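2 protein chains.
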Amino acid sequence: MAEIIKPKSISGFPEWLPSEKILEEGMLGIIRETFEQFGFVPLETSAVERNEVLTSKGGNEKEIYTLARLAGTPEDDAKDYSLHFDLTVPLARYVAQHYGHLIFPFRRYQIQKVWRGERPQDGRFREFYQCDIDIIGEEKLSLLADAEVPSIIYQVFRKLEIGDFLIRINNRKLLSGFLLFYQVPVEVHNDVLRAIDKIEKIGREKVEKELWDELKLSSELIADLLDLISLTGSKEEILQTLESKDYGEGFALGVSELKEVVGNLENLGVPSDYYRIDMSVARGLDYYTGTVYETILKDHRGIGSICSGGRFDNLAGNFTKKKLPGVGISIGWTRLFSRLLAAGIVQPGKATRSHILITTMDRSYLQEYLKLATRLRELGLNVELYSESKAFKKQMQYASRKGFRYVLIAGDQEFRDEKVKIKNMESGEESGWNISELESKVSQMLSSQG
Amino acid sequence: MAEIIKPKSISGFPEWLPSEKILEEGMLGIIRETFEQFGFVPLETSAVERNEVLTSKGGNEKEIYTLARLAGTPEDDAKDYSLHFDLTVPLARYVAQHYGHLIFPFRRYQIQKVWRGERPQDGRFREFYQCDIDIIGEEKLSLLADAEVPSIIYQVFRKLEIGDFLIRINNRKLLSGFLLFYQVPVEVHNDVLRAIDKIEKIGREKVEKELWDELKLSSELIADLLDLISLTGSKEEILQTLESKDYGEGFALGVSELKEVVGNLENLGVPSDYYRIDMSVARGLDYYTGTVYETILKDHRGIGSICSGGRFDNLAGNFTKKKLPGVGISIGWTRLFSRLLAAGIVQPGKATRSHILITTMDRSYLQEYLKLATRLRELGLNVELYSESKAFKKQMQYASRKGFRYVLIAGDQEFRDEKVKIKNMESGEESGWNISELESKVSQMLSSQG
Numbered sequence: 025m026a027e028i029i030k031p032k033s034i035s036g037f038p039e040w041l042p043s044e045k046i047l048e049e050g051m052l053g054i055i056r057e058t059f060e061q062f063g064f065v066p067l068e069t070s071a072v073e074r075n076e077v078l079t080s081k082g083g084n085e086k087e088i089y090t091l092a093r094l095a096g097t098p099e100d101d102a103k104d105y106s107l108h109f110d111l112t113v114p115l116a117r118y119v120a121q122h123y124g125h126l127i128f129p130f131r132r133y134q135i136q137k138v139w140r141g142e143r144p145q146d147g148r149f150r151e152f153y154q155c156d157i158d159i160i161g162e163e164k165l166s167l168l169a170d171a172e173v174p175s176i177i178y179q180v181f182r183k184l185e186i187g188d189f190l191i192r193i194n195n196r197k198l199l200s201g202f203l204l205f206y207q208v209p210v211e212v213h214n215d216v217l218r219a220i221d222k223i224e225k226i227g228r229e230k231v232e233k234e235l236w237d238e239l240k241l242s243s244e245l246i247a248d249l250l251d252l253i254s255l256t257g258s259k260e261e262i263l264q265t266l267e268s269k270d271y272g273e274g275f276a277l278g279v280s281e282l283k284e285v286v287g288n289l290e291n292l293g294v295p296s297d298y299y300r301i302d303m304s305v306a307r308g309l310d311y312y313t314g315t316v317y318e319t320i321l322k323d324h325r326g327i328g329s330i331c332s333g334g335r336f337d338n339l340a341g342n343f344t345k346k347k348l349p350g351v352g353i354s355i356g357w358t359r360l361f362s363r364l365l366a367a368g369i370v371q372p373g374k375a376t377r378s379h380i381l382i383t384t385m386d387r388s389y390l391q392e393y394l395k396l397a398t399r400l401r402e403l404g405l406n407v408e409l410y411s412e413s414k415a416f417k418k419q420m421q422y423a424s425r426k427g428f429r430y431v432l433i434a435g436d437q438e439f440r441d442e443k444v445k446i447k448n449m450e451s452g453e454e455s456g457w458n459i460s461e462l463e464s465k466v467s468q469m470l471s472s473q474g
Numbered sequence: 025m026a027e028i029i030k031p032k033s034i035s036g037f038p039e040w041l042p043s044e045k046i047l048e049e050g051m052l053g054i055i056r057e058t059f060e061q062f063g064f065v066p067l068e069t070s071a072v073e074r075n076e077v078l079t080s081k082g083g084n085e086k087e088i089y090t091l092a093r094l095a096g097t098p099e100d101d102a103k104d105y106s107l108h109f110d111l112t113v114p115l116a117r118y119v120a121q122h123y124g125h126l127i128f129p130f131r132r133y134q135i136q137k138v139w140r141g142e143r144p145q146d147g148r149f150r151e152f153y154q155c156d157i158d159i160i161g162e163e164k165l166s167l168l169a170d171a172e173v174p175s176i177i178y179q180v181f182r183k184l185e186i187g188d189f190l191i192r193i194n195n196r197k198l199l200s201g202f203l204l205f206y207q208v209p210v211e212v213h214n215d216v217l218r219a220i221d222k223i224e225k226i227g228r229e230k231v232e233k234e235l236w237d238e239l240k241l242s243s244e245l246i247a248d249l250l251d252l253i254s255l256t257g258s259k260e261e262i263l264q265t266l267e268s269k270d271y272g273e274g275f276a277l278g279v280s281e282l283k284e285v286v287g288n289l290e291n292l293g294v295p296s297d298y299y300r301i302d303m304s305v306a307r308g309l310d311y312y313t314g315t316v317y318e319t320i321l322k323d324h325r326g327i328g329s330i331c332s333g334g335r336f337d338n339l340a341g342n343f344t345k346k347k348l349p350g351v352g353i354s355i356g357w358t359r360l361f362s363r364l365l366a367a368g369i370v371q372p373g374k375a376t377r378s379h380i381l382i383t384t385m386d387r388s389y390l391q392e393y394l395k396l397a398t399r400l401r402e403l404g405l406n407v408e409l410y411s412e413s414k415a416f417k418k419q420m421q422y423a424s425r426k427g428f429r430y431v432l433i434a435g436d437q438e439f440r441d442e443k444v445k446i447k448n449m450e451s452g453e454e455s456g457w458n459i460s461e462l463e464s465k466v467s468q469m470l471s472s473q474g
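Structure follows, in structure tokens:
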């Protein structure tokens with residue numbers, strides 16, 4: 025006999041138990057449905073991209089997993105491909121490649137695994153799901169798209185029921201306009217944005233110090249900037265304050281875009297306590313050029329942003345000369361899900377997706393059990409048939425461990441009476457069903473389950 | 025400006041256009057639902073396994089894609105992991121690893137991509153989906169599980185509506201019993217099975233020649249074997265013939281198992297013209313030990329088996345000392361789907377999953393369009409709002425290209441009358457809806473769509 029290889033997990037590559045996976049599937053299903061409610065279509069790109077594609081936007085090569093054959097072949101091309109590390113670069117490549125076959129504005133959602141060779145730490149995964157949506161325009165894309173995004177975020181997290189959340193909205197034009205007004209060179213803008221992005225984590229004073237010591241900004245600029253990003257109040261108050269400032273054209277354009285986006289949210293069904301204008305949201309990436317979003321769980325701010333994104337001027341400049349502006353968001357799903365599990369905000373429940381287990385206490389009636397299973401499936405139930413020849417008690421233990429809500433019990437007496445017993449495992453209640461009335465009983469059962 | 029990288033496909037890594045992906049998602053959804061109807065739960069394993077796990081069953085190392093960092097780091101462990109090439113080895117590892125947390129019989133389905141570094145040829149992919157189900161027992165697993173499998177295959181392909189199909193069923197014990205009876209050494213059994221597996225492709229004579237020339241079997245054995253695998257008739261006739269043969273104990277056990285499995289199919293709702301006992305089904309793998317299955321499309325036999333599998337004595341012998349027998353099947357999905365597309369058996373349709381497009385002909389009513397979109401979504405519709413400021417004609421072209429069934433049209437006149445126009449794009453019919461009666465109109469629309 026071959027030696028036993030002890031099976032073990034690979035650090036950073038998470039796997040779930042069945043009850044956890046069932047929970048995850050349910051939640052991903054809600055995300056998918058919500059994306060579809062807003063007109064997004066599913067897209068899937070291959071797990072690998074050419075290396076030149078992945079590194080075109082300066083992906084971190086140390087974190088990119090490239091391929092190789094386990095046993096080499098001379099004509100091996102595997103090394104030219106690598107696993108994608110996000111879904112945005114693949115989208116850009118896909119849209120440029122299939123441009124002529126796509127209809128714009130192109131609204132796609134993409135829920136796929138991505139891979140990053142990071143040092144695995146708490147909550148840092150090497151393999152994880154991202155749930156992305158993007159709306160890609162041709163040459164132009166209306167700000168209406170920017171307004172739709174928070175309404176999608178709102179619906180997703182409302183339906184996921186993981187607690188109170190807040191969508192924080194800003195516009196990058198406003199911050200870069202401000203910096204230009206103060207004649208801060210463009211090359212430094214990202215350093216400034218990165219610094220202020222940390223304000224919630226490290227506090228105002230440390231950001232102030234960084235801007236002064238390292239970026240050598242003037243004290244007047246720093247004071248004005250920190251006042252700006254610390255603005256609080258209702259959206260009307262903040263907008264009024266912003267409109268009163270004279271920080272030049274870029275800033276004013278940012279304010280007017282922000283006003284337009286926020287002004288549409290009420291009619292898109294987003295209640296006002298679910299979003300806020302927040303000048304401190306800068307997003308570390310130089311990728312975004314207009315509206316930016318972050319989303320936090322109010323009672324679990326430590327998790328950080330659970331859904332972020334923004335507007336970009338040009339999606340696929342590396343792959344096509346067409347100008348393709350867009351707006352989108354990404355949910356770093358696996359990280360979020362693992363945190364929700366760890367914090368007990370969501371709990372794995374049943375280890376089955378069946379409505380009912382048919383127990384098989386008397387194997388001489390096997391054909392009857394099979395018929396019942398078939399019949400109940402035809403009536404729309406998910407039915408598991410207990411296949412093993414085990415004591416009835418064992419079968420009931422199985423039902424209870426897996427979390428079946430209903431169990432069908434029938435033996436000699438029941439079949440002679442053309443009846444079955446249905447036990448509700450939650451209430452303990454048992455009821456007798458005539459086999460002839462299965463149809464009406466099942467529709468009752470299905471409608472009572474919602 | 026950076027140089028443009030021309031985006032192109034990677035050979036063997038298929039991608040679909042939105043309308044094709046929508047079709048694929050719909051079909052995968054049917055498969056998933058059917059698996060769940062039979063009590064299977066979703067499982068997902070990481071895309072990579074340790075190399076020692078993947079090679080434990082003798083996977084072809086030239087076809088295994090292992091990982092490496094694009095830019096190396098000293099402490100790199102990526103080379104110890106590789107992308108899985110099927111879902112069975114990962115299942116075996118998973119079940120052994122999480123044994124204590126699983127409830128047996130463990131019924132899982134797994135729909136995931138797998139990767140094989142094959143030479144890409146027509147219909148051979150390097151990245152493709154497999155749809156697998158397996159029922160794993162602890163120590164024992166009843167033959168009832170073997171009978172359930174064809175009923176699942178039947179339901180899946182009936183619902184997919186891709187034409188008439190036939191499930192071919194055999195039992196490996198029967199063939200190996202026969203060979204033992206003729207004192208063919210066990211080491212040669214697989215070569216014999218592989219030879220007869222080709223009978224449909226290369227014909228009886230060539231198989232006869234191979235058995236004679238290469239495997240040096242006796243002419244009596246060859247004649248008996250070929251008669252056996254060419255048996256035709258109803259299942260009753262075939263079983264009767266088989267029961268009349270005296271080829272020893274193993275053979276007789278195979279016959280009795282086959283009889284038991286087939287005997288349950290009627291009550292599991294499988295019509296008799298959808299399955300057949302077929303002694304030529306041997307399955308090339310030495311993995312199977314009892315019942316084996318293949319499924320063919322009657323009008324497209326060239327596609328080969330679209331769903332195959334069987335019974336195995338011990339799933340995870342390389343990873344645990346526990347004996348875990350099982351039975352399962354696998355659909356090589358991407359290959360099947362691409363063949364179905366190429367043959368025109370399935371056709372991509374719409375490029376949207378929305379019920380309705382809200383056109384925005386008069387931007388001064390933007391807030392009203394937003395309210396309508398929000399309202400219709402609350403009523404359960406998938407709604408796309410046309411976000412761009414384009415001519416009405418362009419908007420209607422967009423609706424028609426994407427395949428929207430309904431378009432909502434409203435301008436100054438309509439809003440003053442508190443009405444909207446709904447155009448059915450298929451019939452061309454237009455009807456006026458009062459905004460106050462949206463609710464009842466939408467439920468009518470939803471119920472008429474089935």
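Residue numbers (the numbering used here), protein chains in the order written: chain A, 25 to 474; chain B, 25 to 474.
Yeah, the Cβ is synthetic: ideal placement off N, Cα and C, and Gly gets one too.
A quick note: this is a predicted structure, and the numbers were derived from the prediction, not measured.
Tell me whether residue i, by its Cβ, gets closer than 7 Å to a heavy atom of the ligand NAD.
| i | result |
| --- | --- |
| B:S329 | Here there are no bound small molecules, and the ligand NAD is not part of this structure. |
Checking contacts by CB at 8 Å: is residue i closer than that to chain A?
| i | result |
| --- | --- |
| B:G474 | Note that B:G474 scores a pLDDT of 46, beneath 50, so its modelled location is shaky and nothing firm can be said. |
| B:F343 | yes |
| B:I127 | yes |
| B:S411 | yes |
| B:Y133 | no |
| B:A120 | yes |
Below 8 Å between beta carbons: does that hold for residue i and residue j?
| i | j | result |
| --- | --- | --- |
| B:T79 | B:E87 | no |
| B:N448 | B:M303 | no |
| B:V119 | B:L348 | yes |
| B:R74 | B:D110 | no |
| A:K443 | A:I433 | no |
| B:L277 | B:K197 | yes |
| B:V294 | B:V305 | no |
| A:L91 | A:V72 | yes |
| B:H125 | A:L41 | yes |
| A:L241 | A:L250 | no |
| B:L470 | B:L400 | no |
| A:N291 | B:L394 | yes |
Can you name, in chain order, every residue of its own chain whose Cβ lies under 8 Å from the Cβ of residue i, other than the five neighbours on each side?
| i | result |
| --- | --- |
| A:F189 | F181, Y298, T319, I320, L321, K322 and I330 |
Using a Cβ cut-off of 8 Å (strictly closer), state whether residue i contacts chain B.
| i | result |
| --- | --- |
| A:N75 | yes |
| A:Q419 | no |
| A:S166 | yes |
Between residue i and the rest of its own chain, which residues show a CB-CB distance below 6 Å, the 5 nearest in sequence each way excluded?
| i | result |
| --- | --- |
| B:L67 | R132 and Q134 |
| A:K426 | A375 and T376 |
| A:Q419 | T383 and Y410 |
Could you work out which residues of chain D lie near residue i, taking near to mean beta carbons separated by less than 8 Å?
| i | result |
| --- | --- |
| B:T376 | The structure shown contains no chain D; its protein chains are A and B. |
Residues, ordered as in the chain, of the segment 286 to 314 of chain A that lie near chain B by beta-carbon distance below 7 Å: N288, N291, L292 and G293
The segment 324 to 343 of chain A / the segment 226 to 234 of chain A touching (three or more Cβ pairs under 8 Å): no
Touch test, the segment 366 to 376 of chain A against the segment 206 to 213 of chain A, Cβ-Cβ under 8 Å, three pairs minimum: no
Three or more C-beta pairs below 8 Å linking the segment 400 to 417 of chain A and the segment 348 to 360 of chain A: no
Within 7 Å of chain A by C-beta, residues of the segment 197 to 222 of chain B in sequence order: none
Segment contact, 8 Å Cβ cut-off, at least three pairs: the segment 142 to 157 of chain B with the segment 391 to 405 of chain A: no
Against chain B: residues of the segment 360 to 372 of chain A by CB proximity under 8 Å: none
Selection of the segment 238 to 269 of chain A by Cβ proximity to chain B, strictly under 7 Å: none
Residues of the segment 80 to 99 of chain A with Cβ closer than 7 Å to any Cβ of chain B, in chain order: S80, E85, K86, I88, Y89, T90, L91, A92, R93, L94, A95 and T97
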